[in-house]
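Single-structure report; data block below.
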Amino acid sequence: MTTNKELLAAEAGALAKTARIKYFDIVIDSGKGALLKDVEGHTYLDLLASASSTNTGHAHPKVVAAIQQQAAKIIQYTPAYFANSPAAELAQKLADIAPISGPVKVAWGNSGSDANDGIIKFARAFTGRQYLVSFMGAYHGSTYGSLSTSAVSLNMARKIGPLLPGVVKVPYPDPWHRLPDESETAFVDRMFAAFLEPFKTYLPAEETAVIMMEPIQGDGGIAKAPTEFVKRVADFAHQHGILFAVDEVNQGLGRTGKMWSIQHFGIEPDLMSVGKSIASGLPLSAVVGRAEVMDSLPAPGHLFTTSGNPVTTAAALATLDVIQEENLPERSARLGKLAADFFAEQAEKHAFIGNWRMYGLDGGIDIVDPQTKAADPVATTKLIYRIFQLGAIMISLKENILRFQPPLVITEKQLQQAFAILAQAFAELEMGKL
Ligand code: PLP
């Protein structure tokens, strides 16, 4: 079997319906940097970076070499019983680069979802409290704990309830929801009042373990909370002995133009979750947090047979080297400015671009009905398909937001090619050709 069609037909009989969100009928064969190739040899510009899990690009030679060398030595011996050297080095490195002062410790996982479950466990163990607070629009994962703190996809919650009890969701201050003529200060005041409401009516702050937040929401639409709001939330948490945890799974590791997205806010979290790009897409995640919090849970409170495995941690060490050596956070900030200029120009031309934002190479572009400004999922789908036909891979968030997250190693030339493709698709939609 060699064609996209044959392979997909073979898979269709065996793959559970839940196992993939359907986009294009292609089977990925290989990748290099920001380019993907399918099994028939068609190439595509990758503007998704495997959902922000390949910030260093596909098949980065240093990451590949680290994986190969480690695999030839030992692939797995469960870190639950014995240390291995890449994991030991990586734990130290993550503790060093975490945006948390004072002693820091880490715990390994295999996915962003289980890292966020870890945050729940560590926070409950440390505080001895039960309640958890998270935000509307958040996506923290698909295991029971992380899904219970998420609020972005109804289909993920269907048929499987009840979810974890004790989770309270508060509104996320998406700047897109600012009222006409509302100043940023008035917006922050209004949203912070909404945040406080549960604590005034039914949620005892002294029984709350953690407030979990994506300071820049990913699946919620690449939306950045106002700095003053996040500061007030973190202050409130600390005044009440509540831990403040950030989810850096999607937005960390250079994606937003800084190493960690929380660094845009000048705040230190007590705990954070890291995943996706940490090992350039191999299954590795970590909870990183203040040592006293991380020591509150007795072994084996949060461990998995393969988490912190030597191959994934060797890949992560090489990934962090690449991120630092190639200044990927700065590169993301610099190339992100080019993308911001491009989308600003396109928004001037096309009334169906209702709003857009770009933080480094991390963007969301709202496609709306030009008259009513209501979300337009049909136009979004048409655009995504046309962009695909023209040779680039892009998907949507919340059905009408184009997700722009290319690998951070994308070249300027490739970025310009991507802009040309997007400009053509936008122009065709404008002319009614799609
Ligand atoms: N947290 C955030 C912010 C995410 O975007 C995701 C995945 O999209 C997760 C957690 C879950 O990570 P994983 O899919 O690796 O379990």
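The end of the sequence shown is residue 433 by numbering that gives the first Met the number 0, with every number in the run present. Just so it is clear, CB atoms sit at the ideal spot from N, CA and C, and this is done for glycine as well.
Proximity to residue i [Cα-Cα], best of the options
i	options	result
F121	R177, F23, V209, S141	V209
F134	S276, S29, G219, F341	G219
A71	L382, W107, D24, V310	V310
D294	N399, G217, A374, A106	A106
T1	H301, D340, G40	G40
E398	L360, K4, L14, I20	I20
I27	T17, N3, S152	N3
A417	G431, A426, G390	G390
A313	A15, E10, Q75, S29	Q75
D37	A94, F425, D24, A64	D24
L89	A315, G30, K432	A315
A64	L433, R402, Q345, V321	V321
D188	T380, E227, P85, V248	E227
G272	G280, Q262, A58, V248	Rather than Gly, the amino acid found at residue 272 in this sequence is Ser. Ranking G280, Q262, A58, V248 by Cα distance to S272 puts V248 first.
M258	G108, I99, L433	I99
E325	G56, E10, A11, Y22	G56
W355	P376, G300, R402, H239	R402
G280	Y80, Q323, A58	A58
L131	T17, F303, A422, A236	A236
Q423	L396, I159, Y384	Y384
F81	A373, T305, A317, F341	T305
Y22	A374, A373, L396, E411	L396
Sequence-distant residues of its chain with Cβ nearer than 8 Å to residue i (five each side left out)
i	result
S110	G140, T142, G274, P282, S284
A86	P78, W107, G307, N308, P309, T312
M155	S141, L146, S149
D375	F351, I366, V367, D368, N399
L7	D24, V26
Residues bridged to residue i [DSSP beta-bridge criterion]
i	result
V166	L131
F243	I210
W259	According to DSSP, which records beta bridges pairwise, W259 is partnered with nothing at all.
M223	A small fix is needed here, since residue 223 is Lys in this sequence, not Met. Answer is I215.
D28	Answer is none; D28 lacks a bridge partner.
V286	A106, S272
L146	None; L146 has no bridge partner.
D37	I27
T1	Paired residue(s): none; T1 is not in a bridge.
T42	K36
Cβ-based neighbour list, residue i, same chain, cut-off 6 Å, excluding 5 preceding and 5 following
i	result
L327	G253, L407
T42	L34, K36
I400	G220, G363, D365
F194	V169
L302	A79
A97	V103, V287
N83	P309
I409	A33
S112	G140, S141, T142, S145
Beta-carbon proximity list for residue i, same chain, < 7 Å, skipping 5 on both sides
i	result
G144	N115, D116, I119, L163
Q129	R123, G165, E206, A208
L319	K92
Q216	G136, A137, Y171, A222
K348	none
E183	P225
A482	Since the first residue of the chain shown is 0 and the last is 433, residue 482 is not available in this structure.
R177	F186
D269	L242, F243, A244, G288, R289, V292
Beta carbon of residue i nearer than 8 Å to that of residue j
i	j	result
V292	F125	yes
A378	L428	yes
P369	D45	no
V167	P197	yes
I386	I420	yes
H382	I394	Sequence inspection shows Leu at residue 382; the His mentioned does not correspond to that position. No, they are not a contact pair.
L414	L337	yes
A233	I266	yes
M357	A339	yes
F191	R231	yes
P102	A298	no
D361	T255	yes
S260	P214	yes
G307	P60	no
G288	K104	yes
M211	D246	yes
Q345	F425	yes
G359	G335	yes
Inset, instruction - Enumerate, from N- to C-terminal direction, the unbroken alpha helix (DSSP H) stretches of 4 or more residues contained entirely within the region 44 to 75. - result: Entirely contained in the region 44 to 75, the alpha helix (DSSP H) runs reaching 4 residues are, in chain order, 48 to 51, 60 to 72.
Inset, instruction - Just list the alpha helix (DSSP H) runs in the region 301 to 369, keeping only unbroken ones of 4 residues or longer that don't cross its boundaries, in chain order. - result: Listed in chain order, the complete alpha helix (DSSP H) runs (minimum 4 residues) inside the region 301 to 369 are 309 to 324, 327 to 348.
Inset, instruction - Could you name each continuous alpha helix (DSSP H) segment of 4 residues or more that falls completely within the region 374 to 418, going from the start of the chain to the end? - result: Whole alpha helix (DSSP H) segments, 4+ residues: 376 to 388.
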